[in-house]
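Reading through the structure tokens given below for one structure.
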Amino acid sequence: MSAPVTAGTAASPPSPPPPRTLNVAAERARTPGSFTGHHFNAAGAALLANGTVEAVIDHLRAESLSGGYEAAKHAAPALEAVYARTAELLGARLEEVALVESATAGWQRAVSALRLRPGDRVLAARSSYVSSALHLLSAERDHGVQVELLPNGPDGAVDLEALEAALRAGPAALVTAAHVPTSSGLVEPVAAIGALASAHGVPFLLDATQSLGQLPVDMGAIGCDLLIGTGRKFLRGPRGTGLLAVRRPLLDRLAPEAPDVRGAVWTAERTWELVPDAKRFELWEAAHALRLGLGAALTDLASLGVDTVARHLAALAASLRERLSALPGVHITDPPAAGGAIVTFVVDGLDASDVQRQLAYRRVHLIAVPAGHGRWDMDHRGLTKVVRASVHVYNDEDDLDALVEAVREIVCLQGRGTGSRAGRPERGVGYAGRGNARTETGDAPRGSAGLETGEAPRDIAGPETGKAPRDIAKPESREAPREIGEPEADAAPPGPPASTLRATPPGPGPQGPAADVDTSVPTPSPDRAPGNGPTTAAPAATRVTGHSAGTSTALATTSPATPATPALTNAPDRIPGNSGAAPAPSPAPRAAPSPHHTHDAIVVGLGVHGSAALRHLAARGLDVLGLEQYGLGHDLGSSHGETRMIRRAYPHPDWDALVDTAYQAWTELEGASKAQLLDITGGLYAAPLDRPDPLRGPGCRQIDGEEAARIFPGLRLPVGFSAVHDPRAGIIDAQETLRAQLTLAERSGAHIHDHARVLGWEPDGDKVVVRTGRAVLRARRLVLCTGPWTAIQVPSLAPHLTVTRIVNAYLAADPMGPLGPSGLGSFSVDLPQGLLYGFPATDGRGLKAGLDSGPTWDPRAPRPRATAEELALLAEAVAQVLPGAGPVTESLTCLYTMTADRRFVVGELPGVPQVLLGSACSGHGFKFGPAIGEALADLVCGIARPDLDFLSPARLFPGGTS
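The opening position of the sequence shown corresponds to residue 8 in my numbering, with each subsequent residue numbered one higher.
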């Protein structure tokens, strides 16, 4: 019973619910591609959501397991649901919807079914797409159909008075228009067009290819009889999907020109009957996986609400249109009737394809549309080509900033403009890509020297149409980040000579003061063992201070009024071992990012794992910055030196898949770098017969001491020992690996800042704030590959990690004798003194060996040379199994970061999902470097890696967070 109404008052109608708002962060989180650059091509092919991709893959997997027919039968209810979702989206009946391979396929089947005859008039809007226009022009040439172009009004849309006059002039067979064309952000007045066509009894075919998913489309409200659309654009479905809807009563009068078994029943030798619904336009052979992916995308759209999406996209595009129009030399080419999600523009003096290419280099992805894709529209407006940007639910303000700043930078570098009236006032001319930033190595990443490292440091234009159709005459704050580690921002920890960061000469754009280069920073080298040769390190470095490319908020010493400094690039000698190489192609100079620039990812620590992660993130188009607290290639962590071990032999099968992945990753890295990084020597790994956890692995076999002596004559196993022979074991060129990964990262656009120690970091919403001694940086993801310094960056890990100091040495040996490559490969022997490991004498320095144990060590403390006692213990172990070895000639030290189970720590930091760890490699991580780097890049991009669950940091925090 309703509540009484007080006399003299009227019941108030219920207030409409407030408009829903779009959670852009959530949409980005389920769209991995949103982390690979700034994507503005939803009008071409939008980024797919995780659920869409999974739906496709799941069905393909089902087909592989049970067969295509069986999988289709099992998926039948889900496939039928796609029709229901499509009908709901279009405001159509279920039986009026067909699923086709593309919008063009739908168009051709629908128009062919109209059976246009000579003299039939087709009234076409200038917004018509190239494929539709070509079909009509072909019908005009081959069948005598008359194609009449509708003129545009002052607002650039179809002139409705001209349309009505054309309809009154005589019978017409079809009216057609594109709701939104491919060549601009125009939104045609489709409801008014539909009303006029309906009033004259003429079918109206609407091309909704560019409007479905970004604008509400209701066939009943619009009054269209036929509609085509595609899945790959604003619907965010897979490529190869499309839809066709034909409303009754027209559906009952149309028959496809070429019936298929999907849409017809063969009733007798010369007769057939069409199915009663729109499936008459379908083919029996269809990509069911793609259709299920389309269904997942339609479900996502329905959950968001088309109206909600439309408001968000219209607001973003309007903002982008306004900001671009304020740039000198940039002209918006959208007509006054524009709206929705598409923005088109041109830049004075630059071909649109050149603009597209320059933007792509800055990791801003959009498309150039040539007149050949829309001649009825673009020729009429005097346009040969336009740049088209289109937004979607995964785009945010950072994306708009990136695009605007990149266009402004292109204009400035061309000398066609100067500063910026567009965009946010606090932003300077800046690098706009989510393009990779270079790592600064600093933190010994995960590849510790060890059993497998052994390493101790040694330092379009479309087709022309033919006859032109005649025109129809127109009638008249957040809190500061917490400090982590040492408090002094500018203290230079002991380290090897630094590499050089060089300022690029100012380009033609806005210039600022030269970078503040501090050449007085000392770069001490670590102590070396007696008899050691010269330290292998990069040349002495200049230290760049101030606002540099890839950094974010300058510290208090930088005045807000200070102009941006020139872009910084890395000199060739920054890369370890690259001093004599020709410089790699450098990215075009970029101005410094704006104070509020947010990187896609920051990688801290550029050893083998950090440099690999940096490389893979950069290759995916992300704006990634690498930070290294020392010089690149330093010898204070776990990734330095000449050699490391690679092997397939492991005590537990948990490692087998990752080992396979590692070997594949090395093959890929060798191909990309065009360098030999692995030397497959075979390996023997020996232990007492009663060892509780013997090594094993794919392709490995157990052998006795006698056979071991035949395989490696230089190695003599003690009595009671057996060995595992791994024929695919070998030696990694560690120094060349670091050089290759950093070079490839730079070539992909990464920024690398060395001597950039991270003083603190803290979560900031779904992002991270990182503070160095020179800048406060922001990123969507923080990747910590900090090796021995991991517990300093993540104090909650301190109880779980132990850093140990390891001694390696070179011993005199004849490379042509039994301790050279002909008589020895990579090896390890579990002795009373510890696990002895090493490599044959191959490089003129002798046999290399080390013991896989040592004292606990603070990585911030000075590291003394190897003691006489340590070297004597190592020499004693060597003499026990390598009788031909001579005295120690050189020694060196490195650090292991150990977990109790000797497994790595790779994955999200519990409780802080935007921070990823890649560290604690427990003396055997270098071999996995390229594979772990790729895995970290996957995790940054939201791609799950269940194969790494056994290395998850969560195992160290059972039932809680860090």
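Virtual Cβ for every residue (Gly too), placed ideally from N, Cα, C.
The structure presented is a predicted model; accordingly, all values stated were derived computationally and were not measured.
- Going by beta carbons, V790 and V947 fall inside the 8 Å limit.
- The beta carbon of A303 sits closer than 7 Å to those of G58, T59, A62, all from its chain and outside the five residues before and after it, given in chain order.
- For P937, there is no enclosing beta strand (DSSP E); the residue is part of the alpha helix (DSSP H) that begins and ends at 936-947.
- For secondary structure counted as the beta strand (DSSP E) over 3 or more consecutive residues, the stretch 221-273 holds these complete runs in sequence order: 233-237, 249-253.
- P725 sits in coil when the DSSP states are folded into three classes, being neither helix nor strand.
- Secondary structure within the stretch 852-876: the beta strand (DSSP E) runs of 3 or more consecutive residues, fully enclosed, are 854-858 (chain order).
- Taking a cut-off of 8 Å on C-beta distances, the stretch 714-729 does not touch the stretch 665-683, as fewer than three cross pairs fall below it.
- D127 and V313 have their C-alpha atoms roughly 37 Å apart.
- Buried is the label assigned to P377, since at least 16 other Cβ atoms lie within 10 Å of its Cβ.
- Runs of the beta strand (DSSP E) lying entirely within the stretch 786-858, each at least 3 residues long, are 809-818, 833-838, 841-846, 854-858 in chain order.
- Separation of E102 and L632 (C-alpha to C-alpha, rounded to the nearest whole angstrom) is 54 Å.
- A straight line joining the alpha-carbon of A620 with that of E95 spans about 44 Å.
- Inclusion of T688 and P890 in the CB contact set at 8 Å is not warranted, their separation being larger than that value.
- For Q921, the uninterrupted beta strand (DSSP E) run begins and ends at 919-926, by DSSP.
- Straight-line spacing of the CA atoms in L696 and V885 works out to 20 Å.
- Within the stretch 731-782, the beta strand (DSSP E) runs of at least 3 residues that lie entirely inside it are, in chain order, 737-740, 758-761, 765-771, 774-779.
- Excluding the 5 residues flanking it on each side, T391 has same chain C-beta neighbours closer than 6 Å at A378, in chain order.
- Contact check for L902 and V810: beta-carbon distance about 6 Å, within the 8 Å limit, so the pair qualifies.
- Classified as exposed, S71 has fewer than 16 neighbouring CB atoms from the shown chains inside 10 Å of its CB.
- Here Y903 carries a strand assignment [DSSP, helix/strand/coil].
- In the structure shown, W383 falls within a helical segment according to DSSP collapsed to helix, strand and coil.
- The beta carbon of A296 is closer than 6 Å to those of V63, H66, L67 in its chain, skipping five residues each way along the sequence.
- Taken through DSSP and simplified to helix, strand or coil, P660 comes out as helix.
- Ranking E155, T315, H647, L943 by CA distance to the CA of T28 puts T315 first.
- Between the stretch 833-846 and the stretch 907-919, the count of Cβ pairs shorter than 8 Å is below three; the stretches do not touch.
- When only Cα atoms are considered, A367 and A625 end up about 13 Å apart.
- Less than 8 Å divides the Cβ of G201 from the Cβ of G230.
- For D686, the pairing in a beta bridge is given by DSSP as I738.
- Between V398 and A324, the C-beta spacing is below 8 Å.
- Of the residues assessed, I739 falls on the buried side of the cut-off, its CB having 16 or more other CB atoms within 10 angstroms.
- A straight line joining the alpha-carbon of L613 with that of H623 spans about 13 Å.
- Of the other Cβ atoms in all chains shown, 16 or more fall within 10 Å of the Cβ of E897; this residue is therefore buried.
- The beta carbons of A180 and L121 sit closer together than 8 Å.
- A direct Cα-Cα distance of roughly 10 Å separates H338 from E329.
- Nearest Cα to G925 within the set I939, R243, P342: I939.
- The criterion of a C-beta distance shorter than 8 Å is satisfied by P188 and D384.
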